[in-house]
Every structure is written in C-alpha cells, then in structure tokens.
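The opening residue of the sequence shown carries number 1 in full-length UniProt numbering; numbering runs sequentially from there. The beta carbon of each residue, even a glycine, is placed where N, CA and C say it ideally should be. What follows is a set of notes on a single structure, which appears directly below.
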Amino acid sequence: MPKVSPRGQRIFGRVPTAVNVLGSALLITQIVVGISLATSSDTPEPGPAAVTPPAPPVPPTPPEPEIAEVPTPEPPSPTPSPTLQVERIAEGEIVRLKRYPGQGSAVIGQVRDKKARLTFVELGKPWGRSKPLGTGPIVDGTYTRRQTFVTEEYGPDLDRQWWADIDSYRHTADLTPGDSMYEIVAGFLDARQDGNFPSGTAGVDVASYPVKNGWVIVREMHMPESDAGRKARVELAAVVALDTGSPRPGILWITIPDTHKRLWPDIGRVIRSVRVFTP
Numbered sequence: 001m002p003k004v005s006p007r008g009q010r011i012f013g014r015v016p017t018a019v020n021v022l023g024s025a026l027l028i029t030q031i032v033v034g035i036s037l038a039t040s041s042d043t044p045e046p047g048p049a050a051v052t053p054p055a056p057p058v059p060p061t062p063p064e065p066e067i068a069e070v071p072t073p074e075p076p077s078p079t080p081s082p083t084l085q086v087e088r089i090a091e092g093e094i095v096r097l098k099r100y101p102g103q104g105s106a107v108i109g110q111v112r113d114k115k116a117r118l119t120f121v122e123l124g125k126p127w128g129r130s131k132p133l134g135t136g137p138i139v140d141g142t143y144t145r146r147q148t149f150v151t152e153e154y155g156p157d158l159d160r161q162w163w164a165d166i167d168s169y170r171h172t173a174d175l176t177p178g179d180s181m182y183e184i185v186a187g188f189l190d191a192r193q194d195g196n197f198p199s200g201t202a203g204v205d206v207a208s209y210p211v212k213n214g215w216v217i218v219r220e221m222h223m224p225e226s227d228a229g230r231k232a233r234v235e236l237a238a239v240v241a242l243d244t245g246s247p248r249p250g251i252l253w254i255t256i257p258d259t260h261k262r263l264w265p266d267i268g269r270v271i272r273s274v275r276v277f278t279p
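The structure is reproduced here in structure tokens:
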C-alpha cells in the first residue's frame, strides 16, 4: 500500500470530525444493507408450482361376449324313408345265399382293417387294390377300407360312372342291450337303398343268415330305368355286421351291378372269408 505525503496528511487532517462520523455511519449502513441483500439472495424465490397433468381416462372394459354352446351332432340315423319298398326275410328266418354261376375274381391277398376290426379276402382284377380311406363327411364311422372299380360310364357326355364296391367301416353307433345283428344289418341296407340308389328302387332280400359273431343279409336292388342311359338295372348288395368286442360292430358292404353279374360269386367268397381282426 503506498504511503501518504505530509501535504496530503495536512489536507486529510483538516477534514471535520463530523464528516468522519458521517462516513462511518454510511459505511455501517452499507454493510447492513449488503448483509441484508446477501441474506435475501441466498433464499431462492419460489417458482411456479408444478402442475401434474391429469391421468388419461381409462376406457371401460367391454363385457366378454357369451359363447353359445355348440351342440354335438348326433351320428346319422339309418332310419329309411317311409316309402321305402323292401320285401324282407323276417328276423329269425334263415335263407342261405345261393351259388351264382361263374368263376368270379381271384383272391390275391388279405385285407386287415384295424379300425373296423375286420379281415377278409382281397380280390384281383378287375377290382382295384384295397386302399385305406381318410375322413369323410362323417368323421367317426366313415368307410375305412375300399376296393372298387368302374362298371360303366354313361350320360350324354359319358360324364357319369357306376361302381362296384367292397367297403368296410366301424358302425356309427354303439351296441345297446337288446340290439341284434339282424337289426343292424337291415337298418344299414335300408339306409343305403334309400340314400345311394335312384328314387323308386325296390329291394328284395334273397338271403339272411347268421355268420360267426354276426349276421348277413343279401338284397337285390331293382332300379328304375335311367333317363341318362345307365345300363345297370339290378344291383346285388350284401351287408355283414360282426360283433368285434368293441362298442361298435364292424360293417362290410359289398355291391355289384348286373352288368357284371359274372362277378356275383365274389359276394359269397368275401362273405365266407370275413372274420374279426385282432391287432
């Protein structure tokens, strides 16, 4: 710090004492004001209050729609049309199948249907090979094995076909106490006559007799003349039902039209071969 000269000391010495006192008062005032300002500057001014945004509205949960219970479809009933024409062999009456002329088809193997629990012979040409069938319109009870061939093509454009068939499957309904194999076979034949043959077809039972574990009925299906030019007029059809030990019997369906009546001996050959198959 630099020193003050004697002249300066004299000048400062002439300053009245009151001025010194006033200066001291001003200095004290500045100090007090400074302390006050410093104190008030240390306290933060309150800012604007934070506003919490309102929560977005929660949409109400829609009520769960009621799901209607889907009824389980019943298996198709073999109840025939009330106008079905059938000449029946009464239950309990035994009429054996006659032997038809001709050699029939050769036996080339054995069919084993695990679902129907039936085994029977496989025939050679003109029959195609026996093949398993997948699911059909009736999932439980559809044919599971089939051996077939086309017997004729007809119609104005030859766009229609008639077939011979050997089919096996498991029946659509369980056996109930009091059911007889005769009733099952007759009901199955009636349903096929009503649903698989032309309207106006008349059935004539030509054989009805027991086989091991079951029953067989053979029926001639007499069909009306076809406007489309079908040559077949009579179809020889047979059904065998066997109690296989499972809740539902095994069914074997055989049908051959009269255009191939030389193969009618095949029906007796297959019937004689059918047995319960135990996997």
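Would you list the one or two residues that DSSP bridges to residue i?
i           : result
W215        : P210 and A241
residue 285 : Lying outside 1 to 279, the shown extent of the chain, residue 285 is not represented and no answer is given.
E93         : The partner list for E93 (beta bridge, DSSP) is empty, contrary to what the question assumes.
I251        : Y169 and A241
E122        : G109
H222        : A202 and V234
residue 289 : There is simply no residue 289 to check, as the chain begins at 1 and stops at 279 in what is shown.
T148        : D165
I256        : L236
K131        : R146
How many angstroms separate the CA atom of residue i from the CA atom of residue j?
i           : j    : result
K212        : V218 : 16 angstroms
residue 281 : V234 : Here the chain comprises residues numbered 1 to 279, so residue 281 is not present and cannot be evaluated.
D113        : T244 : 12 angstroms
W253        : P156 : 30 angstroms
L158        : D179 : 44 angstroms
Q85         : V185 : 16 angstroms
A173        : I251 : 12 angstroms
L189        : P279 : 28 angstroms
Determine the DSSP secondary structure at residue i, reduced to helix, strand or coil.
i    : result
I271 : helix
Q161 : strand
P265 : helix
T278 : coil
R193 : Correcting the residue identity first, residue 193 is Gln in this sequence and not Arg. Of the three classes helix, strand and coil, the one that applies to Q193 here is helix, per DSSP.
T176 : coil
Y100 : coil
A116 : coil
A228 : coil
Is residue i close to chain B, meaning its C-beta is less than 8 angstroms from at least one C-beta of that chain?
i    : result
I108 : You won't find chain B in this structure, because it holds only one protein chain.
Out of the options, which has the shortest C-alpha to C-alpha gap to residue i?
i    : options                   : result
D266 : P224, P247 and P101       : P101
Q103 : H222, A202 and H260       : H260
R230 : G200, R248 and T151       : T151
S105 : L252, D179, E183 and I256 : I256
A241 : D205, M181 and T278       : M181
R99  : S226, V206 and P279       : V206
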